Structures are given as structure tokens and as C-alpha cells.
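Right, one structure below, let's go through it.
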Amino acid sequence: MSDKLKIVAFVCENHAMSAIRAASIAGESLPESVRIIEIPCTGRLETPQMLEAIGGGADGVAVIGCLEENCYHDIGSMLARGRVNRIKDILKDISMEPERVEMINAASVSGAMLMMKLRQFESRVASLPVLSLKGAIQ
Amino acid sequence: MIRAERKPVSEIARMLAGKKKVLVVGCKTCVAIGHAGGEKEVAELVSALRLVNAKEGHGWQFEQTVVERQCEKEWVRPIEEKIISADAVVSLACGLGAQTIADMYPIKQVYPGVNTMFLGVPEEQGVFVEKCLACGECVMFETGGICPVARCAKSMRNGACGGSADGKCEVNLETDCAWYMIYERLKLQGRLDLMTKVVEPKDWSKSHAGGRRKIVRKDLLIQPTDRTGTEVKK
Amino acid sequence: MSGNKVCIILSDCQSCSGLSNEDMNRMLGALKGGAKAAHALIVKAPCIKESRKEIRTLHIEGCDRAVVGMWCHPEKIGALNWLPKKMSPSLIEVVDLSIFAAKSTKCSSQVDKYVRVLHASAAGLAHAEALKDRKIPFASKSVVVIGSNDRAKDAAKSLASKGIHAKLISMEPMPGVNAENLEVIDGATTEGLKGIPGDFRIAYSRKGQRKETDAASILLVSERCLSKAVPPKDSKVKVVPLEQFRNYSAGGAKVKGMAFLDDLQTLTTAADPVTPAWHTLLEAAKTAAANHMADYISVIARDVKAAGLLEMLWKEAADAGVKFIRYDDKSRPKISKEDSTISVKDLVLGESLDIPADVIVAPITTRPWEPMFIERLFLPSDWDLKSRLRGPQRGTAQSPCDGIFMVGYAGFNKLLDIAEPELDSAVAQISAFMQKGCHVARGAVAVIEEGKCSACLTCVRTCPYRAAIMNESWKAEIIADKCAGCGNCVAVCPSLAIELKNCTRPQIGAQVAASTEVVQ
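Chains as they are written, first to last, in numbering that gives the first Met the number 0: chain A, 0 to 137; chain B, 0 to 233; chain C, 0 to 519.
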């Protein structure tokens, strides 16, 4: 297993992806550790998928969606936040760090803001003890 | 319908200490619709337990399934092989379903994955409110269709207790005082005379206070037997 | 991982990718080595016109799907009609690798990252299904323009001059409006809307008769709406539109009272705490006070929005001497007939305040539309938030309500000077829309497995597009033409009875697995 930090980011194809693209055009790059999975809406994301990302070796999971008052599909990022909080409760309950999963909201033009938040998330996850999972999650 | 809440994952994990083959069984009826123990929650629990497994190295192997109604033997029978080959069965059904499996396979360790809470209505998506206590003797015809047994914290039978203020219950300020609501309802229906009627104390022997209850419908019994009338037994 | 074999096509734009020949070949080697890819090959950059034909006619034996790695955003090249034509569009995924390029570091070290991205896409694509776009040709060739003002007239004429058959429905009489391709239906009020884009049927009543007309698309041109507090006839009060305030001058005379009045339905929607109009209004009030335009200067509003940047403005205005007065929904300000005052009843104190107001400055905005359009466009219909806050973010030309174009309104009223420039843009969009000639409901759609449905109603309550309904057998069903493919229903279904094509659980799972594995 590589000891490089791995962050899986579930990114909605609307405002979140636009923000990432805006950042890229402005010359900012995604942090090295972030691997993107594009989904139609963060509301599509289910709790087992976030858990499987961690079990599969991700040190952190970021769920990046539209601003809640402006979700392209109305309620998606709001529902996603509820599920991220549910995962945080589960992680805390099983003695894992709830900081490993985070909801990040972005406006479609706020590329720089999003990159900043991602870097902050990355450094927070990097400061946590290394996840040692005995064997892969089936 | 029956409302339940999943137990904390850590509590379920502790139950499974020392086990190897774990079967997680959900139910498609009440707990599914209540988002507590259906196929979705089975998947979530198994993912969470896999994470615990990867972290703590228990060596658990998971099998997951869901049945139509866990409280009926005919629906449980088809998954018999899975039950028998498991070291532990975690049931996400209500207490009825979990016990059905436990009673059918008494040698098996059957663990409840949820806490069965109450009979509740979905007031809006994600909000479930208790409105019936299954007390065995429904009296809401006298209270405008509002149950004073379940919706009053003290199950008062003859009006408000005097502790309510601004229409809210003194036991829980978030709850509306049931008798305040009953008064408003009877006023709306023009039946305020019912408020002055004094009724006798409730016969609690008809509720669970009298022990576990049983209904026998002789007209439905398949075994040949005396079919005169029906009988509610204790 | 199981699933179909995916071909990975990498474009070689060395200038855009910053990769050398060796890097490209190394990348190709790593891509070929992955278990996901059946084939991996490098093609010449699609921004070169000649190479597009080569890509278009590409045929890979045994492969019906491909991930195409590009080094710029596909939009830069234009329409994606250069993709391999032997593959279904729903089985081709175009990945813009430029967003993963770290501008400051050496590109060669990035190769692992690009390979990982392409492998993850391929993993997801391996489980995709070929989906057909649902093409529904337009049944009507007309555009209906609804509005009783000059702007609506101009828009209808402009469309007609482009050769598009335009029908203008106006409440007011429109005498003398004649042009080829233009049908005027004046003195009419719209009453109903049925149908889908390309096949709308609008019911209206005119001279006591109810009629129906057809349209492929609709343009709503908002009406001017002055602040609700319009002075009674013969009143001495002068009303100045907020947008014209900077040109206003009392000719040097100082008036007794100047009131900046908001409109209940424009500036104070809680759904929109900071609209542009508030900034304009506070600036204007501050200016009036600073220039001593009146003895008594007030801002009369239902909710004074002072969040964020506005807080400074509010303070500056207050320091300059502006008085802020609040009114309630239940006691709207009344403009007096006899003298120049506005009376506002304070519900808490039970007292009536008489505010001097020789001049009222009020915003002119657009008014919200009839319920049938609000419903169709998912606009907030209840300004007091009793109903859902707002609907999904629909632009003027996005399914599932392609075809209804708005000017001057977007979830909240707009000031007229913002609304006006939108008209030309809307007319241009409508022309493009009409040229398409068919309504394309795209591939992504949610599908319910009826046998698994437990009729819990969760998807029906959740779907932002009202695409989930209960059918006659009391099982949930998705109306495909209304589905926007967001997948919210999929995640909330307790019975896991719904899947989103092409973003199924196996697909996400495959991508998660590919994202976390180590690239050798």
C-alpha cells in the first residue's frame, strides 16, 4: 500500500465541477492527493459509498456540491450534507475520526475558494493518524 | 406503522465479538418505509461493519439479505440456509421480526440491530410521531379523533392536567397538549358537550399492563375447532 | 472488475499537455497494462480538423465504449461530433485532463495521476448501459410571446422578422400591430398551460370566449410593477422610480419628507436576503441624506436586510440621518389622500406613525407570473415560504422545461434596468431553440424496478422535478421526459428499487475502487 495521502472527492457535475474548471483555468491545480469521481448531483451519493471509499484506502472523503441555497437540483447538496453528518456520527461511534469525511459547498465561479477549502481539508486529514486497516474491505 | 431506530454500530459490533459468519437481515415492510432496516440500511450497516472489521481485524464474513415481512414464518423460511450457515444473525426488523427468526431457529444467535420505538405516523418526510399506544380500547370517538392515551403524556381521560401552558404540554414543551387539541377539535365539530362527560378510569388490563396479549379469530382458524364467535384471550 | 471492456483513447496534444513523447508512451504503456482497458491508443489532437475524421471513423474490435482523454475542455473544440460514430454517445466519456494538470510541477511526474483518472473513468464506464436519447419532434412551429408592454411587442416583431411564426398574447389592446409571421391576440388573459416543450397548448380567454393556441416555446416578458403603494388619484405625492433616482432633482427645493419604500414582493423575500435592489436603495437613501434633499428621510421596509456588505451601507445611511421604519405583512403602509404622508401602524405599540413623504422613491420591478408558469418553472410561489423555498435551478433553455423563456424574472423579481438587456438574449436563444426542431430528453434517467417498490412515497416527495408519481397499481414510476437524471430518488429509496442510468451503484463502486488503488 502506498503511503501517499489519498482523498476521494465526489464532485457534482454542476456548480462543483464548474468551480474546479474555473480554478484550473485560473492556473490553480487540484491538490495531489485528490481523486475525483464525478456524479450528477451530490444528492445521488449514498452512505455506503462514502464508507467504502474509506474502507478501500481513502484517508479522507470530500463531498463537493453546489451551495445549498443554490443547488442545481434544488435539494441535492442539502441531502448530501445530511448523509455526510450521518457518516460522521458513525465514524465517531466506531472510534474513527469524523474529520475524515467533509461536505464542501462551492459556487460555480469560486474556483479559488474551493481549492483553498480542499487544501485545508487535505492538511486536516494529513494531520490525522494514518489509517491502518488490517486488510482490504471486501 | 412500527417505527424503529438503528442501534449504534459500535453496539452491534460488540454483539458480534468472536463471531465469524454474520448474516444481516432486513425487512421490507415497516422498517423499510421508516428508513431504519430496509435494504438501504442493511447495505449501510454492512459497509460500516466492514470498516470496523478492517480496522479491528475480527475476520467477519458478511452475508446480507432482506425479506418481505420478517414477522411471518413463510417469508423467513426461504432464507433458512443463510440463517443456518451463519454464526450470528443481525436482524434489522422490529422486535417481531427478530423474534420470529429467533423462535424459528432457537439454536442460532439472533441479535437485534434496531431499537423498536413506537407506532408512529410520518408527519413529513423524515419525521415520525407517536400517535397510538395500542392500548386495547380505543376511546377517540369521545375525543374528536385525538387519542388522549398516546398523545397526552399522562394519558389523562377527563381533560387537561392543569400543567399545560399556551397549548403546550408541561412534560415536553415541544408537544401540543392533547386535551387542548381535543377541546379545539370538539369545538370545531360542535360537540363540546363531550368535554363535560366524565368517564371512568381506563381498564389498563386490556393494554400491555395486563400481560402480553393475544387475539384468536375462530372464523379464520384452519384447524377444525369450535367456531362459535371470536375471542380475545390473554 | 467485471463489466465490458473499455477502450482508452488519448489525444496527444503535446503543447496543451506539456508531456514529451516519452511521457506519452509511458502513459500509453501504463494504460494498456491496466486490467480495465481492452485497448489504449493515442490519436492526434481533435483540435486539428483533419484528425477528427480519423477519430470519427475509429473502430475497435470487441469494444463498444471508450474513454477519451483530452487536454482541454471539449467545449473549446465545439460540438462533439468527432467522437467515434460506431459507439453510442452514452458509452463514450470525455475526460478533460487539463483540470488535473499541476501547473507548477514537472509534467512527467503527473503521468501516474492521469493514468489513475482514466482508469477510474474506464472502471465506471465498464458497467454503463447504452442509452438512446429520446428525440421528440416539435408538434408546433410557433412561439407565443406573453406580455402587454412595448417590450413584448418588440420581441414578437423581432422573432417574426426572423421567419419564426410569433403569436403575441396581450392583456392590453394592441392596435395597429401588423407584420408578416405575426399574430396578435390582444385583450386576452392566459388561463392554462398544458403540454411539453415543442407541444405546448395555451388556453386563454378573449371577449368572454375560451380558446386554445399551440406553441413550441413560450416567451414571458414581465410586466412593470411599481411598488404596491401607488398613491391615490389627485394625491400630491410624487413617485420617483428607484432606477431614475440619480437623475432626480427637486430643482434645489428641499422637501419635507422623502420616503424610500420597498415593495413587499420585491425586496423583502426571505429567500433572497440580499437582492441587488437593496444595495441601490440604501445608496440612494444615503445620498439623499448626505445632500439634505429632505427634512425627514426614511426607509420603509418589511425586513431591513443588513447582512454582509450591506451592514456598512446601513450604518452609513443611519449615521447620515436616515430613519428606518418597519411594517408588518398585516399592516401595509398607506399613502394618505389628503396630505403628503405615509401611515404605518406599529402592531406592537398599536400606534400609527405618520411619516412625511412628499416624494416616494420606489423600485420598479417585474411581477411574478401566473400560477401555471410558476408551477411549471418551479419558481417559489409563496413568498412567505409556506411552500418549498425554490425549485431546481432552471435556466431559460434547460430540460425538463426547455421552451419557456423568461425575461426579467429568475426566482425573484428583478429591477427593470437589469431585466431589459435580457430581451435580446432571450430572442436569440429562442431562435436557436426553434431551429433545433426537436426536444431531446437526454440519456440519464432514473428507472424503478416495480417489483421492489414498497410504495413508501419517499421518491415522490423528494423528486425536485415531480417526475416520480404513483401509478394505477400504486407503485412508483418515473416519467422519463420529466426526469433530469439527478439521482436524488435513487439515494433515498429505502428498497433500493431505483437506479440511475448511467450512474448506477456498480458504476460508482467501480470508480471508488479504481480511485483508491495504487497505480503500478
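Think of the CB as a built atom: it goes at the ideal place given N, C-alpha and C, for glycine as much as any other residue.
Computed from a predicted model, the values in this text were never measured in an experiment.
Partner residues on chain C for residue i, Cβ-Cβ distance less than 8 Å
| i | result |
| --- | --- |
| K27(B) | S453 and S494 |
| V7(A) | V511, S514 and T515 |
| I74(A) | T461, P463 and N487 |
Within chain B, partners of residue i - CB distance below 7 Å
| i | result |
| --- | --- |
| R460(C) | Q124 |
| T457(C) | Q124 |
9 Å Cβ cut-off: residues of chain A touching residue i
| i | result |
| --- | --- |
| L50(B) | L50, E51, I53, G54, I89, L90, I93, M95, L132 and I136 |
| V21(B) | Residues of chain A passing the Cβ test: none, with the nearest at roughly 12 Å. |
| R115(C) | R34 |
Check whether residue i and residue j have beta carbons under 9 Å apart
| i | j | result |
| --- | --- | --- |
| S97(C) | M69(C) | yes |
| S139(C) | A214(C) | yes |
| E121(A) | I6(A) | yes |
| S543(C) | A154(C) | In the structure displayed, chain C extends from 0 to 519; residue 543(C) sits before or after that span and is not available. |
| E27(A) | L4(A) | no |
| F323(C) | S342(C) | no |
| L44(A) | I507(C) | yes |
| S216(C) | M26(C) | no |
| Q510(C) | G123(C) | yes |
| R150(B) | M194(B) | no |
| S64(C) | S87(C) | Looking at the sequence provided, one finds Arg at residue 64(C) rather than Ser. Taking 9 Å as the Cβ cut-off, R64(C) and S87(C) qualify as a contacting pair. |
| G64(A) | S76(A) | yes |
| V10(A) | I38(A) | yes |
| T46(A) | E38(B) | no |
| N487(C) | C452(C) | no |
| V89(B) | V21(B) | yes |
| V116(C) | I103(A) | no |
| A454(C) | K474(C) | yes |
| L50(A) | L50(B) | yes |
Limits of the unbroken beta strand (DSSP E) element including residue i
| i | result |
| --- | --- |
| Q124(B) | Careful: Q124(B) lies outside any beta strand (DSSP E) and carries neither H nor E. |
| D261(C) | Counting along the chain, D261(C) falls outside any beta strand (DSSP E), and DSSP gives it neither H nor E. |
| D345(C) | T340 to D345 |
| R200(C) | D198 to R205 |
| E190(C) | A187 to I195 |
| I359(C) | V358 to A361 |
Interface partners of residue i on chain C, CB under 9 Å
| i | result |
| --- | --- |
| A18(A) | Those do not exist, as A18(A) stays about 11 Å from chain C at its closest Cβ, beyond 9 Å. |
| L78(A) | T461, N487, A490 and V491 |
| A57(A) | V511, S514 and T515 |
Residue span of the alpha helix (DSSP H) that contains residue i, given as start and end
| i | result |
| --- | --- |
| N104(A) | Careful: N104(A) lies outside any alpha helix (DSSP H), inside the beta strand (DSSP E) at V100 to A105. |
| T457(C) | T457 to T461 |
| C488(C) | N487 to V491 |
| V148(B) | P147 to R150 |
| T46(A) | T46 to G54 |
| E37(A) | Looking at the DSSP string, E37(A) is not in any alpha helix (DSSP H); the run it does join, the beta strand (DSSP E), is V33 to I38. |
| Q428(C) | E421 to K435 |
| K156(C) | D149 to S160 |
Partner residues on chain C for residue i, Cβ-Cβ distance less than 7 Å
| i | result |
| --- | --- |
| E45(A) | A490 |
| S23(A) | S97 and I98 |
Contact list for residue i against chain A, beta-carbon separation under 8 Å
| i | result |
| --- | --- |
| C502(C) | I38, P39 and R43 |
| I76(C) | Neighbours of I76(C) on chain A: none; closest Cβ ~15 Å, over 8 Å. |
| L499(C) | P39 and R43 |
| A129(C) | Chain A residues near A129(C): none, gap ~18 Å exceeds 8 Å. |
| A443(C) | P39 |
Contacts of residue i in chain F (Cβ-Cβ under 7 Å)
| i | result |
| --- | --- |
| G484(C) | Annotation note: the requested chain F is absent from the structure, which comprises protein chains A, B and C. |
Count the C-beta pairs between the segment 1–8 of chain B and the segment 108–119 of chain B that are closer than 8 Å, then say yes if the count reaches three, no if not. With a cut-off of 8 Å, the segment 108–119 of chain B and the segment 1–8 of chain B count as touching, because enough Cβ pairs lie within range.
If the cut-off is 8 Å on Cβ atoms, which residues from the segment 30–47 of chain B count as contacting chain A, listed in chain order? Of all residues in the segment 30–47 of chain B, only K39, A42, E43, V45, S46 and A47 place a beta-carbon less than 8 Å from a beta-carbon of chain A.
Using a Cβ-Cβ cut-off of less than 7 Å, list which residues of the segment 86–99 of chain C approach chain A; keep chain order. Sequence-ordered contacts of the segment 86–99 of chain C with chain A read S97, I98 and F99 [C-beta pairs closer than 7 Å].
At least 3 beta-carbon pairs within less than 8 Å: the segment 499–508 of chain C vs the segment 467–477 of chain C: Three or more Cβ pairs closer than 8 Å define a contact, and the segment 499–508 of chain C falls short of that threshold against the segment 467–477 of chain C.
Is the number of C-beta pairs between the segment 18–36 of chain A and the segment 111–121 of chain A that are closer than 8 Å three or more? Output reads yes: the segment 111–121 of chain A touches the segment 18–36 of chain A.
Can you find at least 3 beta carbon pairs, one from the segment 133–146 of chain B and one from the segment 183–196 of chain B, that sit closer than 8 Å? The segment 133–146 of chain B vs the segment 183–196 of chain B: in contact.
Quick test of the definition: if touching needs 3 or more C-beta pairs under 8 Å, does the segment 14–21 of chain C touch the segment 51–63 of chain C? No: the two stretches stay apart, fewer than three of their Cβ pairs being nearer than 8 Å.
Report the residues of the segment 1–13 of chain B with a CB closer than 9 Å to any CB of chain A, ordered along the chain. Listed in sequence order: P7, V8, S9, E10 and A12.
Could you say if the segment 200–211 of chain B and the segment 120–136 of chain B meet the contact criterion of at least three C-beta pairs nearer than 8 Å? Enough Cβ pairs lie closer than 8 Å, so yes.
Below 8 Å, can you find three or more Cβ-Cβ pairs linking the segment 277–293 of chain C to the segment 350–363 of chain C? Result yes; three or more Cβ-Cβ pairs closer than 8 Å.
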